[in-house]
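Chemist:
Protein chains: 2
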Amino acid sequence: MSYQEQVIEWYKSLQNTICAGLEKADGLAKFQEDNWSRPEGGGGRSRVIQDGNVFEKGGVNFSAVHGVLPDSIKKALGVSKSEFFAAGVSIVLHPKNPWVPIIHMNTRFFEIEGETWWFGGGIDLTPIYINDQETKGFHSELKSTCDQFDAEYFPKFKEWADNYFFIKHRNETRGVGGIFYDRLNDRDWNELFDYNKAIGDTFLKAYLPIVNANADKPFNEEHKNWQLIRRGRYVEFNLVYDKGTKFGLETNGRIESILMSLPTHVSWPYNFQPKENSQEQQTLEKLKKGIDWV
Amino acid sequence: MSYQEQVIEWYKSLQNTICAGLEKADGLAKFQEDNWSRPEGGGGRSRVIQDGNVFEKGGVNFSAVHGVLPDSIKKALGVSKSEFFAAGVSIVLHPKNPWVPIIHMNTRFFEIEGETWWFGGGIDLTPIYINDQETKGFHSELKSTCDQFDAEYFPKFKEWADNYFFIKHRNETRGVGGIFYDRLNDRDWNELFDYNKAIGDTFLKAYLPIVNANADKPFNEEHKNWQLIRRGRYVEFNLVYDKGTKFGLETNGRIESILMSLPTHVSWPYNFQPKENSQEQQTLEKLKKGIDWV
Chain V
1 MSYQEQVIEW YKSLQNTICA GLEKADGLAK FQEDNWSRPE GGGGRSRVIQ
51 DGNVFEKGGV NFSAVHGVLP DSIKKALGVS KSEFFAAGVS IVLHPKNPWV
101 PIIHMNTRFF EIEGETWWFG GGIDLTPIYI NDQETKGFHS ELKSTCDQFD
151 AEYFPKFKEW ADNYFFIKHR NETRGVGGIF YDRLNDRDWN ELFDYNKAIG
201 DTFLKAYLPI VNANADKPFN EEHKNWQLIR RGRYVEFNLV YDKGTKFGLE
251 TNGRIESILM SLPTHVSWPY NFQPKENSQE QQTLEKLKKG IDWV
Chain X
1 MSYQEQVIEW YKSLQNTICA GLEKADGLAK FQEDNWSRPE GGGGRSRVIQ
51 DGNVFEKGGV NFSAVHGVLP DSIKKALGVS KSEFFAAGVS IVLHPKNPWV
101 PIIHMNTRFF EIEGETWWFG GGIDLTPIYI NDQETKGFHS ELKSTCDQFD
151 AEYFPKFKEW ADNYFFIKHR NETRGVGGIF YDRLNDRDWN ELFDYNKAIG
201 DTFLKAYLPI VNANADKPFN EEHKNWQLIR RGRYVEFNLV YDKGTKFGLE
251 TNGRIESILM SLPTHVSWPY NFQPKENSQE QQTLEKLKKG IDWV
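Now the structure itself:
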């Protein structure tokens, strides 16, 4: 099988596994599937869950597209040929309960046949209220997977996530980070494919324990309000900075699949300031780069 | 008085007049004022209204900033000197009632002393449900002001607004448009200053009749839901495309003043499709460029 056939097969099976795990955790809602194709080439299988016990809105999207890169992206990528192939799985989940963090994963393969290929991806966690112990557990899972391949991966990709998931205009990280990597082609294709698969398999292991521990915790209006505000920051990051979103919008991807990352309910009250020593303020103080959670 | 002193004085008085008119229309909420200064030079007087009878959230912001342009913006503007001055008033109002349209106005003066200056601005209306008659009245007010200066202004600036307030990834205009112009320096400074003042004075005349006609109209949950979705489109436009927002974020403006344009409550349900022949669908069909409302 070609690289492209292999990644397509794997990404589809990853989508199946993750959707099954999330439906089980939710216990109520089922993923709704929308297949789409892109006039310029390729398409995807979007799966969105809404109004569940646990998840207010979330998507686990597979796509495999090909076509001609817009000049702006070609220039940004520094490639000379225009015919590209890109496939991957993108996940964003917005839980109902403010004690359950938002999660994001992206895992992708990009190829310009005859010129170059690379893997990219990342998993990062955005708690509404940061729980140090859970954050440590989350980072430890990612580290343990990375360490099986290269001891330098985790520190490098953790720092990359801190820098990537950063809301410059707020001077805040989006959440507690995780890992982020791009243009990974520093070793044999099969080895990097295995690494990418291992990261994909880490998703449920790293996230479900946090979901299960918090999904039934009681919360009040103040907690909910803070969640809506933090979701606003999430929207700001995705629409202003996120490269995947930009790539999707500029290459005429399916809009509702790309923007499944935006939560159902969001709020931007003017100039909200958390109270001194509140849990909200304690969370804000930890939305910084360079915290060693492990 | 220098150009800069004259525009500052005028913009402050315009802010006063408009805030007074809007408070009267609201009948309950008062503008909260926040003065801010920018480490790099200048500052502003932000005024935000929230939780009123009519307005859920809105801002009427004056700012006058100066400093050194980031290279990216210098390049985009095609100027050679870096020391800039920019002043203006920015308005966005998000009404509570879905029958009252969102409105936006921006009026600004930009100068690079010793090199160039220009005026820019625009007013555009974003109804949740498009009312043809009101839209016609709104466009007519703008046309009548423009026509006092140049018969070519309105058609040119109306087309510019159609193109500017366009959400490319949705293939929808943001609302029913209005006027938009930038880098206006095709005639004497005083004449263009007068034009800019006349547009500023048109704001309340064009908007308040629509507010007063609709603020007490009954609405149901379906109307409210559609409003939250349309507000989502507004956020998409402002964070993905709006040049003023981008300029503010990149030049280290006061974030809560820049993002006062984002509504308190917003919603992104997955893949919402209006029913056939519904009022929602009728509105969507009119979110197109090139409609001659006058």
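Those sequence lines, one after another, are chains V and X.
Sequential numbering from 1 applies to the first sequence in this note's numbering.
Sequential numbering from 1 applies to the second sequence in this note's numbering.
Just so it is clear, CB atoms sit at the ideal spot from N, CA and C, and this is done for glycine as well.
Keep in mind it's a predicted model, so treat the numbers as computed, not measured.
Closer than 6 Å by C-beta to Glu134 (chain V): which residues in its own chain qualify, once you throw out the five before and the five after it? Chain order, please.
Modeler: Closer than 6 Å at the Cβ level, and outside the excluded window around Glu134 (chain V), lie Ile210.
Chemist: Give the interface partners of Arg230 (chain X) over in chain V, defined as CB-CB distance under 7 Å, in chain order.
Modeler: Within 7 Å Cβ-Cβ: nothing; Arg230 (chain X) doesn't reach chain V, min ~14 Å.
Chemist: Could you tell me the distance, in whole angstroms, from the CA atom of Gly177 (chain X) to the CA atom of Glu285 (chain X)?
Modeler: Straight-line Cα distance between these residues: approximately 14 Å.
Chemist: In three-state DSSP terms, what is Ser144 (chain X)?
Modeler: It is helical.
Chemist: Mind reading off the beta-carbon distance from Ala206 (chain X) to Leu287 (chain X)? Whole number of angstroms is fine, and I expect it under 8 Å.
Modeler: Wrong, their Cβ atoms sit about 20 Å apart, outside the cutoff.
Chemist: State the CB to CB distance for the pair Phe110 (chain V) and Gly122 (chain V), rounded to an integer number of angstroms; the pair is presumed to be in contact (CB under 8 Å).
Modeler: About 14 Å; that fails the 8 Å criterion.
Chemist: Which residue or residues does DSSP assign as beta-bridge partners of His104 (chain X)?
Modeler: The partner list for His104 (chain X) (beta bridge, DSSP) reads X:Val92, X:Asp124.
Chemist: Please return the same chain residues whose Cβ sits closer than 8 Å to the Cβ of His169 (chain X), not counting the five positions on each side in sequence.
Modeler: Same-chain partners within the cutoff: Glu236, Val240.
Chemist: Below 8 Å on the Cβ atoms is my guess for Asn306 (chain V) versus Arg38 (chain V); work out the distance and round it to an integer in Å.
Modeler: Outside the shown range of chain V (1 to 294) lies residue 306 (chain V), about which nothing can therefore be said.
Chemist: Roughly how many whole angstroms lie between the Cα atoms of Leu14 (chain V) and Phe272 (chain X)?
Modeler: The straight-line gap from Cα to Cα measures roughly 27 Å.
Chemist: Give me the chain V residues within the contact set of Ser267 (chain X), using Cβ-Cβ distance strictly less than 8 Å, ordered along the chain.
Modeler: Here the neighbours are Thr264, His265, Val266.
Chemist: Please list the terminal residues of the continuous beta strand (DSSP E) segment that includes Asp34 (chain X).
Modeler: Note, Asp34 (chain X): beta strand (DSSP E), 32 to 37.
Chemist: Helix, strand or coil for Val235 (chain X), going by three-state DSSP, please let me know.
Modeler: Looking at Val235 (chain X) - three-state DSSP - the assignment turns out to be helix.
Chemist: Just the Cα atoms here: how many angstroms apart are Lys24 (chain V) and His223 (chain X)?
Modeler: Going by the C-alpha atoms only, they are around 35 Å apart.
Chemist: In its own chain, which residues sit with a C-beta less than 6 Å from the C-beta of Arg45 (chain X), not counting the 5 before and 5 after it?
Modeler: Once the five neighbours on either side are set aside, the close Cβ partners of Arg45 (chain X) are Asn35, Phe62.
Chemist: Nearest-angstrom Cα distance between Lys289 (chain V) and Phe157 (chain V)?
Modeler: C-alpha separation (whole angstroms): 13 Å.
Chemist: Answer yes or no: does any C-beta atom of chain X fall closer than 8 Å to that of Glu285 (chain V)?
Modeler: Not an interface residue.
Chemist: In its own chain, which residues sit with a C-beta less than 8 Å from the C-beta of Glu320 (chain X), not counting the 5 before and 5 after it?
Modeler: This structure cannot speak to residue 320 (chain X), because chain X is shown only from 1 to 294.
Chemist: Restricting to Cα atoms, I'd like to know which of V:Ala198, V:Val100, V:His94, V:Phe165 is closest to Phe180 (chain V).
Modeler: Of V:Ala198, V:Val100, V:His94, V:Phe165, the residue nearest in Cα terms is V:Phe165.
Chemist: Closest Cβ-Cβ distance between Ile128 (chain V) and chain X: below 8 Å?
Modeler: Taking Cβ atoms only, chain X never reaches closer than 8 Å to Ile128 (chain V), which makes this a no.
Chemist: Contact defined as beta carbons within less than 8 Å: I believe Glu83 (chain X) pairs with Pro263 (chain X). What is the distance between those atoms, to the nearest angstrom?
Modeler: Contact flag wrong, Cβ pair sits at about 36 Å.
Chemist: Just the Cα atoms here: how many angstroms apart are Phe138 (chain X) and Gln282 (chain X)?
Modeler: So the two alpha carbons sit approximately 19 Å from each other.
Chemist: Strictly under 8 Å for the Cβ-Cβ distance: is Leu77 (chain X) near chain V by that measure?
Modeler: Cβ-Cβ to chain V under 8 Å: no for Leu77 (chain X).
Chemist: Going straight from the alpha carbon of Gly175 (chain V) to that of Leu125 (chain V), what length do you get?
Modeler: Computed Cα separation, rounded: 6 Å.
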